[in-house]
C-alpha cells in the first residue's frame, strides 16, 4: 500500500506496483471494492463526499472516480510525475516532480501553479486558507496561500521531513530518518 485516505467510515488506498486503487466502506476484510485497475503507478490518494482522487505518477495525471461507482477519468493530464494529492471544497491540489504545487477545480478546467522551484515536494495537506507540504530532500516544511504567492518556510533543517497533518492551530510532520520524530509548529 502506497497511500491511504479515510473519511469515516470510508477508506481508499493505492497499490502502486499493482496499478490498483481500492476502497472500503466500513470493514471489508479481504474483499475491498476495486475503484480502478491498470493505473500507471497510482500513488497519492484522497477523497471528498462524491469522489476518490489519486495521482498516476507514470501516467502524469490526476485521476478520479465516483464514490458511487463508475469509470475512472482524468481531471488533469500532462503532469510531471504527480506525487501526493489533497482535496478541499471545489479544489484539488498536488505536488509533482517538476518541483511545483499545483491546483485545479474538481469540476475540471486548466490547472494552475501555486508555487514552484521546490526540491522534490512530496506530501501535502490543505486547510481553508493554505497549502502545506514537505520537501524531504531539503528538510523543509512549507506553506503557501491557496491562491498562490510567496511561500513561507515553517521549519528548516529537518532530517527528511515526510508525512504531515494539520489541526486548527498547528502543522505536524514526521522526520523519516534519524529519530523518526514527530514535530509541530504553529500554522
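Residue numbers (our numbering): 119 to 305.
We put the beta carbon where it would ideally sit given N, CA and C, even for glycine.
Since this is a predicted model, take the numbers as computed values, not measurements.
Using a Cβ-Cβ cut-off of 7 Å, state whether residue 194 counts as contacting chain D.
The structure shown has no chain D; it contains just one protein chain.
Close Cβ partners of residue 257 (< 7 Å) along its chain, the five nearest in sequence each way excluded:
274, 275, 276, 277, 278, 279
Whole-angstrom distance between residue 289 and residue 255, CA atom to CA atom:
19 Å
Could you tell me if residue 268 is buried or exposed, where buried requires 16 or more neighbouring beta carbons within 10 angstroms of its beta carbon?
exposed
Quick check: what's the CA-CA separation for residue 217 versus residue 272?
18 Å
Pull up the distance between the alpha-carbon of residue 291 and that of residue 162, whole angstroms please.
17 Å
Considering only the alpha carbon of each residue, which of 135, 244, 201, 125 lies closest to residue 170?
125
Have a look at 190, 142, 158 and flag the residue whose alpha-carbon is nearest the alpha-carbon of residue 200.
158
With a cut-off of 8 Å on the beta carbons, I'd call residue 244 and residue 220 a contact; round off their distance for me.
The pair is not a contact, with the Cβ atoms about 12 Å apart (cut-off 8 Å).
Measure the CB-CB distance between residue 210 and residue 229 and report whether it falls below 7 Å.
no
In three-state terms, what does DSSP make of residue 129?
strand
Going by C-alpha to C-alpha distance, which of 261, 207, 282 sits closest to residue 241?
282
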